[in-house]
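K.L.:
Please see the structure below; I have some questions.
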Amino acid sequence: MSKLTILEFPDPRLRTCAVPVTRFDAALSQLIDDLLETMYAAPGIGLAATQVDVHRQLLVLDVSEEKNRPLVLINPQLLAAEGEQ
């Protein structure tokens, strides 16, 4: 695994549209591992691939107290919303 460099605002690359993940292979698995390592080292509770200059629809998060329950979201979609827009 390797710790990735996190882009910071106002870096224009953060505004790049992410494209769907289409290949579910060893490279994707490695990217997920690298995102998790980077997120935990930051320290943070979530990290999107775009934040490390990889423009794929992928993010990792872990909101557990023990930081031992990571969640990986690939090609997430918002299907419904409530409240004020």
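The numbering used here applies: residue 47 is where the sequence shown begins, and numbers increase by one.
The C-beta atom is built at its ideal place from N, Cα and C for all residues, glycine as well.
Can you give me the Cβ contacts of A88 inside the same chain, cut-off strictly under 8 Å, excluding the 5 residues immediately before and after it?
P.N.:
I52
K.L.:
Quick check: what's the CA-CA separation for M85 versus L107?
P.N.:
8 Å
K.L.:
Hey, quick one: how far does the alpha helix (DSSP H) through L82 stretch, first residue to last?
P.N.:
72-87
K.L.:
Using only CA atoms, which one of G129, E130, P66 lies nearest to A95?
P.N.:
Residue nearest to A95 within the set G129, E130, P66 is P66 (criterion: CA-CA distance).
K.L.:
Look at the alpha carbon of S110 and the alpha carbon of Q123, and state the distance between them as a whole number of angstroms.
P.N.:
23 Å
K.L.:
What three-state label does DSSP hand V98 in the structure shown?
P.N.:
helix
K.L.:
Under three-state DSSP, which class holds L53?
P.N.:
coil
K.L.:
Starting from L27, follow the beta strand (DSSP E) in both directions and report where the run begins and ends.
P.N.:
The displayed coordinates of the chain run from 47 to 131. Any statement about residue 27 would go beyond what the structure contains.
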